[in-house]
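Every position in the sequence shown, counted from 1, becomes a number in the numbering used here once 9 is added.
Glycine included, C-beta positions come from ideal geometry on N, C-alpha and C.
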Amino acid sequence: MSALDGYHSVTAAIAAAEADADRPAGAVSLVAVSKTFDGDKIRPVLQAGQRLFGENRVQEAEGKWPALRAEFPDARLHLIGPLQSNKVKAALALFDVIESVDRPKIARAIAKEAEKMGRAPDVFLQINTGEEPQKAGVPPAEADAFVMEARDTLGLRVIGLMCIPPVDEPPAPHFALLAKIAARNGLAGLSMGMSADFETAIRHGATHVRVGSAIFGARPPLRPPTPTA
Ligand SMILES: *Cc1c(COP(=O)(O)O)cnc(C)c1O
């Protein structure tokens, strides 16, 4: 299946899931996750009208998006992978939204750099709903304090919460938990749901779904993380 076919079937499935959940058409934004794919694979999806894309590595995005943006100046980029302090400046220069604000230290670094640059990105705070030791994000018990620090103390433009449920558990309880934490903190945005479970996420109120392989196909096996990633 081509990326274009994948794109059309995902947008149709999103529309159907919105209708099933009695949510208005267009309530859910598709973040097309283009990590690991090059410009030639991404371009047809841009040509079909998709404007919102997700990448998980600053350096990789810096390599391919300036050229794509020259062709499609209204494309918007979300960072969905962990951010290192030494990459904050580059990330703010390239990304419109940082979805992976996963710890107070990086929230503080973003706030500091945003002030210097006079350019504050919209952000999501990442919650580790499954409390997995290897996964980024603050545990649910620390979520309210994290929202307070990021939004109220640091003045970040926090528009919502993001989660990646454990791969080996049904995702619905994690989506429900994220929605509950967002609601009690007055946050409207919910970035949850990937290729395997975006329809479930939409039933639980997702405002953003991050879908990669269902559009672009299988990715090459993960490279080991590098210190500069
Ligand atoms: C890769 C990735 C996705 C997309 O995953 P698919 O299963 O390919 O849809 C979504 N969110 C994050 C944070 C990712 O790293």
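Anticipated Cβ contact below 8 Å, residue i with residue j, distance rounded
i    : j    : result
I107 : I119 : 7 Å
V37  : I23  : 6 Å
K44  : E80  : Wrong, their Cβ atoms sit about 19 Å apart, outside the cutoff.
D131 : R166 : 5 Å
H217 : F184 : Contact doesn't hold; Cβ gap of about 12 Å is too wide.
L92  : A57  : L92 to A57, Cβ: 29 Å. No contact.
M10  : G226 : 7 Å
Reference residue i; option with closest CA among the options
i    : options               : result
M203 : C172, A185, V97       : C172
T162 : P82, F133, A154       : A154
A76  : L55, R66, N194, N65   : L55
A205 : P179, D49, L186, T138 : P179
K73  : V97, K98, D47, Q59    : D47
Q143 : D111, I211, A223      : D111
D83  : K50, K98, Q59         : Q59
Where residue i falls: helix, strand or coil (DSSP)
i    : result
I136 : strand
D47  : coil
A41  : strand
M203 : coil
T108 : According to the sequence as given, residue 108 is Glu; it is not Thr. Residue state, collapsed to three classes: strand.
I168 : strand
F184 : helix
E141 : coil
A238 : For A238, the predicted model reports a pLDDT of 48, less than 50, meaning its position is unreliable; a value from the coordinates is still stated below. Coil at A238, not helix or strand.
E122 : helix
Cβ neighbour criterion (16 or more within 10 Å) applied to residue i
i    : result
N95  : exposed
M201 : buried
R160 : buried
Beta carbon of residue i nearer than 7 Å to that of residue j
i    : j    : result
A21  : E27  : no
L88  : F62  : no
G198 : G169 : yes
L139 : P175 : A small correction: the amino acid at residue 139 is Gly; Leu does not occupy that position in the sequence shown. Yes, they are a contact pair.
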